[in-house]
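What follows is a single structure, written as C-alpha cells, with notes after it.
Numbering (our numbering), first residue to last: 57 to 517.
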C-alpha cells in the first residue's frame, strides 16, 4: 500500500499559489514581473499545474516500434550534408563516424556511381535537396538506387522540395509546381518509403518569419495541393515529409514540433484519412537564423540545445547544420556530427520514447499551439487560402517586417545574443567569419540571421 506523505496538508490550487506570489511581490504587477511572451503570441506563465491541462494527456509516440530486437525505445537518424564536390571517401568517412543519413545536394547530372561508391542505401536514410529542377535530381537518384540492386521498399528518405519552391526560387506560377509534384509522385510510386513532398516550414522561419505561422503557411500550401485534385488524397498524404528548423526557444520548439504532428493528423482526418501521429516522418534541422558569424564558437551551444529540442520534440531525422555549412571546416562538421551521438550515448535521450511526457508546461504549450494552428488555418482559408495571400504579397510582407524588426532589435541592443552584442570573447579567443552580403529578389524568401545587422556593422568597421 502506498502511503500518502502529504495527507495532512490541504490541497492547494493554482489560484492559491498565484495569490501567494502576488503577496510576495509586494505591490509589483504579477503579469509584468513573472510572465513572458513566446513568439509574440503566447503568454507564458511562471508555473504550470494540472489545472492547465485541458484534458488527460498521454505520452507521445514518434515512430513505430523497431522490428529489430534490442533497439532503443527512441530512434532518430543523424543526417549530414553531401555536396557535389565531395569524394566517396569523405562520404564513407562520415558514415563510419556517426552519420546514418545523407542529405544529397544534387543538380541531376552528377555521377552518383562514383560519388556514392561503397554506400549501401538500405542501411541509411537518404534525402535529396535539388539544386534547381527536382525531376532530374530525383531520377538520377532512383537510377543509382536501382543499379545497387536494393529492394525499392528499402529505399528510405525523401525529397526536400515543395511546389512552392517554383514560386520562391524560380518566380514561376504555383500551378507549375503542382505539375512537377504530380510527376515526382509518379516517379516515386515504386519506392513506398521515400517521400517526394516536403512541407518546408523552414522556408519562412529561416527567413525571419514567425515559426508558428510557418507551419500554418506550409499546411495551407498542402490544402491548396489537396484541393487541386491532381493527386489522390490518400497517395498525397503518404508522400509527405514534415520539415522544421529548430530555433532558440527551446521549450517552445519542443512543443511546436509535437503540435505539428498532432495538427497534421487532425488535418488528414478532415479528408477522411486516418494517420496516427507516429506515422509522420519529421526531419528537423538546426537553424541558421539563430547563429552568427561573430564569435562563432558560441554557435556550438546553440546547435546543441536546438538538437536536443529536436529530439525531445519528436524528430525522426536530425540534421545538424554548421554555420556556413557548405564551407564549414572538418572540425566543425565533426563536432556537429557528434552532437547526436552525445545525445544518445551520454544523455540517454534514446532510452525513453517521450521524456517530456507529464510536463504540465510542455503539455499545456502543445495544446495551446494546436489551437493556434487550427485557428490560423481557419483564418487562412477565410482570407482565400495560401495561394491567394501569397499572390497578394502578404506572406513576403509578414516575413520581411518581422525579420527587420528582430534584426533591428539586436542592432539596438533590445535583444541580447552572447558573443554578438553581449559578452564577446576576449580578442585572443574570438573567432569571426567573413560576411556574405544578404540579397533577396522580390519573389524570394532567403535564409539569413537575426544578428545580420550587428554583423554588418562589426565586420565593416
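Cβ atoms here follow ideal geometry from the backbone N, Cα and C, with glycine treated the same way.
(request) Taking the CB atoms as reference points, tell me whether residue 243 and residue 194 lie closer together than 8 Å. (result) Using a Cβ distance threshold of 8 Å, residue 243 and residue 194 count as a contacting pair.
(request) For the region 172-201, list the beta strand (DSSP E) runs that are entirely contained and at least 3 residues long, ordered along the chain. (result) 181-186
(request) In the DSSP assignment, find the unbroken beta strand (DSSP E) run with residue 98 in it and report its ends. (result) 98-100 is the span of the beta strand (DSSP E), which, as asked, contains residue 98.
(message) For residue 126, count the other beta carbons within 10 Å of its own beta carbon; 16 or more makes it buried, fewer makes it exposed. Which is it?
(response) exposed
(message) Let me check one thing: in DSSP terms, what residues is residue 92 bridge-paired to?
(response) 100
(request) Quick one: give me the first and last residue of the beta strand (DSSP E) that residue 74 is part of. (result) No beta strand (DSSP E) contains residue 74, which is instead part of the alpha helix (DSSP H) from 70-81.
(message) By the three-class DSSP mapping on this structure, what secondary structure does residue 278 have?
(response) helix
(request) Can you give me the start and stop residues for the beta strand (DSSP E) that residue 341 sits inside? (result) 338-342
(request) Using beta-carbon positions only, say whether residue 118 and residue 309 come within less than 8 Å of one another. (result) no
(request) Could you spell out the range, first to last residue, of the beta strand (DSSP E) harbouring residue 212? (result) Segment 212-215, the beta strand (DSSP E) holding residue 212.
(request) Could you tell me whether the region 399-410 touches the region 421-438, where touching means 3 or more Cβ pairs closer than 8 Å? (result) no
(request) Please report the residue range of the beta strand (DSSP E) in which residue 296 lies. (result) 296-302
(request) Using the Cα positions of residue 501 and residue 223, report the straight-line distance between them to the nearest angstrom. (result) 10 Å
(message) Does residue 257 come out as helix, strand or coil in the three-state DSSP assignment?
(response) In this structure, residue 257 counts as coil in the three-state DSSP scheme.
(request) Give me the Cα-Cα distance between residue 349 and residue 380, rounded to the nearest whole angstrom. (result) Each residue's alpha carbon lies about 8 Å from the other.
(message) Assuming contact is defined by CB atoms lying nearer than 8 Å, are residue 382 and residue 139 in contact in what I supplied?
(response) Their beta carbons are under 8 Å apart, which means residue 382 touches residue 139 by this criterion.
(request) Mind the definition here: the region 227-234 touches the region 184-191 only if three or more C-beta pairs lie below 8 Å; say whether that holds. (result) no
(message) If distances are taken between C-alpha atoms only, which option among 375, 321, 165 comes closest to residue 340?
(response) 375
(request) Could you check if residue 199 is buried or exposed, using at least 16 other CB atoms within 10 Å of its CB as the buried criterion? (result) exposed
(message) Taking its Cβ as the centre, do 16 or more other Cβ atoms sit within 10 Å of residue 320, making it buried, or is it exposed?
(response) buried
(request) Report the three-state DSSP secondary structure of residue 392 (helix, strand or coil). (result) helix
(message) With a threshold of 6 Å on Cβ separation, who are the neighbours of residue 113 within its own chain once the five nearest residues in sequence on each side are excluded?
(response) The beta carbon of residue 113 lies closer than 6 Å to those of 419 in the same chain, with the five residues before and after it left out.
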